[in-house]
Amino acid sequence: MSLAPSRSANDRAASPSAAASVAAVAIGLLVLTAAAPVAVGGDAGTDPAVAGPDSDGPVAQSDGGSENRTAGGDGPRIVELFPNPTAAENRGEYLVVRLPERGNWSLSDGYYDAAIPANASGVVALSMDPANATPLLDDEPASADRGPTALRALGDYFPLSASGDRIELRRNGTAVDVVAYESAPEGQRWRADWGEWRPRGYDPRPAVRTADATVTPFVLPDSPGRPVEPLREAEDRLLLAGYMLGSERVVDLLVAAADRGVEVRVLVEGSPVGGFSARSARLLDRVAAAGVEVRVLDGDAERFRFHHAKYAVADDRAVVLTENWKASGTGGRTNRGWGVVTGTPRSATAGATAADDLAALFRADAAAPDARPWKAFRADAEFHDGGAANGSYPTRFEAPDPRAADVELLTTPGNAADRLVARIDAADDRVLALVPRTGGPDNRLVRALRRAADRGVDVHLLLSNAWYDREENRALAEALAGEPIAVAVAEPRGRYGKVHAKGVVIDDAAVVGSLNWNAGAATENREVLLAVEDETVADFYARAYAADWRGGGVHLPVGFAGGLGVVVAGAGLVAYREVTFA
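Per the working numbering, residue 1037 is the first one in the sequence shown, and the count goes up by one each step.
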């Protein structure tokens, strides 16, 4: 898989202007009431307690009537906006207000004014089109802030602009609450207690920890058997989620599992960069013909820009990957990738496993309104031919035996970026990051690396050598050349084809998953990561990292020579011997 600079013509977010609009929403939503500016929320409006010191995200400000912004307060307030339904002409748009009592309430956007029905009080939804607004208003549980909602018709013309608006809630002609936004993504709602736009059907998930789980780390292309072994052995359930599915071997295993009575389900992205491949379509036809439920994230309105996660649940084991289910990824034909298999906790009293948590995520995503059945998607889609990887690479890093470790399941949109930044900010000794690309020196995660390096942590960042990443990655290395962080563009030298892994070793933990560091990935894509708390697992990845870094040919900053050898010295003499610096 390659994330090229632009998306295919049939992609629902193809244009730069669309991407810019989404980015503007992420930073442009302002909630204004009165007093000094107050920042709230984290990178994705979730778990600000673990957000980094300079997390990106929506900003709330206050300039009067501050009691309206008090958590649990019952003052007058605009609590929800839905300006951009997917229906033609935005039919069904609405907003929700909280009115502490009946009175002379009205709305204004500077162009139009609308009186709120005089007998309205409590939490009230207002729409010019109640017939179409009713199902949209009621298709999700009420939020803590919104509560039970009555729907009232607006007698005056009051359209909500999808391209940006500033809406005042007034009492006796005086503004008591104001919400301003720059653009509203199609099919998404904003709520005051969220502090962000969210698609219908999307619910942020907490980071979930499992203690004393069995864990087997591996790297690709060295161990292509590891990610498929659990699929081969599944007896009860086999849930496979991916950005794309292009592996004949994986399809053979899915069909075989279905034939022996295993519950088999597949969930993939409908608009990958470059288009949906004809090969993938043929393979999914075969899977569906075997009675497997195949669903595609491609419906309106979509919760995610991309379903970019790569994982599988096989009975009580979970496989979390940086790689796609295709020859170049799990087939071991091209990519440097990282992966981990985690199984049942060794404690007899343990509760839900990482596999259970991932299964719940899969079922929720597959049941959402934007998950289309394969048959319906196939009837509408265009398919594109593409090449198949057929490289052959030596095995240098055999996967170790399973061991016990605590694991934490992270997802985006939601908690992953906050948790990853918090881990980097807490690092004491080493941070070894291997990612295809970043959003540049001011990317949130890169800033966290720079902070760690500034306080004396050994920090290395190894980036993709792929043709579509190389120039930008070299520019980043040059931009950070004067800082105490080592940055290199990978030079595989026959060990693999290109860097596709997205992994980080942080002290005695490792984080492995699908999250790229480019702009929008943490806030717009469905991604899955697994953090493993174990020194031996971290050292396994560090050894592979050391070998890959050796091929990078980078000259370290003054005073940094030998740094990587120090941070992975505990990982074994082989890694130490391989790391030499000019």
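Backbone N, C-alpha and C define an ideal beta-carbon position, used for all residues, glycine too.
All values reported here derive from a predicted model rather than from experimental measurement.
Going by Cα to Cα distance, which pick from the options is closest to residue i?
i     : options                       : result
N1140 : R1127, A1154 and D1505        : A1154
S1197 : A1400, A1247, Y1148 and G1422 : Y1148
G1422 : R1510, A1435 and V1309        : V1309
D1393 : V1355, P1438 and V1328        : V1355
G1539 : S1163, R1529 and S1550        : S1550
P1678 : A1511, R1127, D1145 and T1210 : Lying before the first or after the last residue shown, residue 1678 is absent from the chain, which here runs from 1037 to 1618.
A1453 : D1575, E1527 and V1564        : V1564
R1236 : P1221, H1496 and D1192        : P1221
A1150 : A1167, R1206 and D1110        : R1206
P1477 : R1491, L1456, R1510 and T1447 : R1510
R1110 : G1518, G1183 and M1164        : The sequence as given places Asp at residue 1110; Arg does not occur at that position. Looking at the Cα atoms, G1183 is the closest of the given residues.
V1133 : G1146, A1167, N1168 and L1190 : L1190
P1162 : N1168, E1137, R1188 and A1156 : Note that residue 1162 corresponds to Leu in the displayed sequence, not to Pro. The option with the nearest alpha carbon to L1162 is R1188.
S1142 : T1210, V1287, A1395 and G1533 : T1210
H1496 : N1208, R1414 and L1512        : L1512
A1580 : N1561, A1469 and D1165        : A1469
V1115 : A1388, F1312 and G1158        : G1158
R1285 : P1263, A1396 and V1457        : P1263
G1518 : R1486, V1547, V1541 and I1542 : R1486
F1340 : E1507, E1299 and D1406        : D1406
R1225 : L1274, A1441, A1524 and D1174 : D1174
T1395 : R1273, R1369 and T1366        : This sequence places Ala at residue 1395; Thr is not what is there. Cα-wise, what sits closest to A1395 is R1273.
When you compare only the Cα positions, how much space is there between residue i and residue j?
i     : j     : result
G1373 : L1357 : 8 angstroms
R1227 : L1117 : 7 angstroms
S1259 : D1334 : 32 angstroms
T1559 : P1449 : 5 angstroms
D1461 : A1390 : 25 angstroms
F1194 : E1125 : 14 angstroms
V1493 : L1135 : 53 angstroms
P1266 : T1252 : 12 angstroms
E1129 : W1233 : 15 angstroms
T1378 : F1254 : 11 angstroms
T1185 : E1305 : 35 angstroms
A1574 : A1294 : 36 angstroms
P1121 : L1445 : 32 angstroms
P1381 : R1439 : 10 angstroms
V1467 : A1578 : 10 angstroms
R1268 : L1289 : 6 angstroms
P1472 : S1144 : 47 angstroms
D1336 : A1363 : 31 angstroms
R1202 : G1146 : 8 angstroms
A1270 : G1297 : 10 angstroms
D1239 : N1208 : 37 angstroms
T1474 : N1426 : 28 angstroms
V1541 : D1351 : 28 angstroms
L1131 : T1447 : 29 angstroms
I1521 : A1489 : 6 angstroms
A1388 : V1376 : 18 angstroms
H1536 : A1404 : 29 angstroms
On the CB-based measure, 16 or more other CB atoms within 10 Å of its CB, does residue i come out buried or exposed?
i     : result
W1230 : buried
A1412 : exposed
S1428 : exposed
E1359 : buried
R1531 : buried
N1371 : buried
N1561 : buried
P1416 : Sequence inspection shows Asp at residue 1416; the Pro mentioned does not correspond to that position. Counting Cβ neighbours within 10 Å, D1416 comes out exposed, since fewer than 16 surround it.
A1545 : buried
E1338 : buried
Are the C-beta of residue i and some C-beta of chain B separated by less than 8 angstroms?
i     : result
P1263 : Included in the structure is just one protein chain, with no chain B present.
Counting only runs that start and end within the segment 1245-1285, where is the alpha helix (DSSP H) found for 4 or more residues in a row?
1265-1269
With a cut-off of 8 angstroms, do at least 3 Cβ pairs link the segment 1564-1576 to the segment 1500-1511?
no
Ordered list of beta strand (DSSP E) runs contained in the segment 1307-1393, each at least 3 residues:
1329-1333, 1347-1350, 1353-1357 and 1371-1378
Please give the ranges of any beta strand (DSSP E) in the segment 1122-1162, keeping only runs that are unbroken, at least 3 residues long and fully inside the region.
1130-1135, 1141-1144 and 1149-1151
Stretch pair the segment 1278-1288 + the segment 1242-1250: three plus CB contacts closer than 8 angstroms
no
Sequence ranges, beta strand (DSSP E) only - wholly within the segment 1203-1234, length at least 3:
1210-1217 and 1224-1227
Check whether the segment 1435-1443 and the segment 1462-1469 touch, using three or more Cβ-Cβ pairs below 8 angstroms as the test.
no
Touch test, the segment 1197-1215 against the segment 1308-1325, Cβ-Cβ under 8 angstroms, three pairs minimum
no
Starting from the N-terminal side, write out each stretch of the alpha helix (DSSP H) that is 4 residues or longer and does not extend beyond the segment 1397-1452.
1410-1416
Entirely within the segment 1486-1540 and at least 4 residues each: give me those alpha helix (DSSP H) ranges in chain order.
1503-1515
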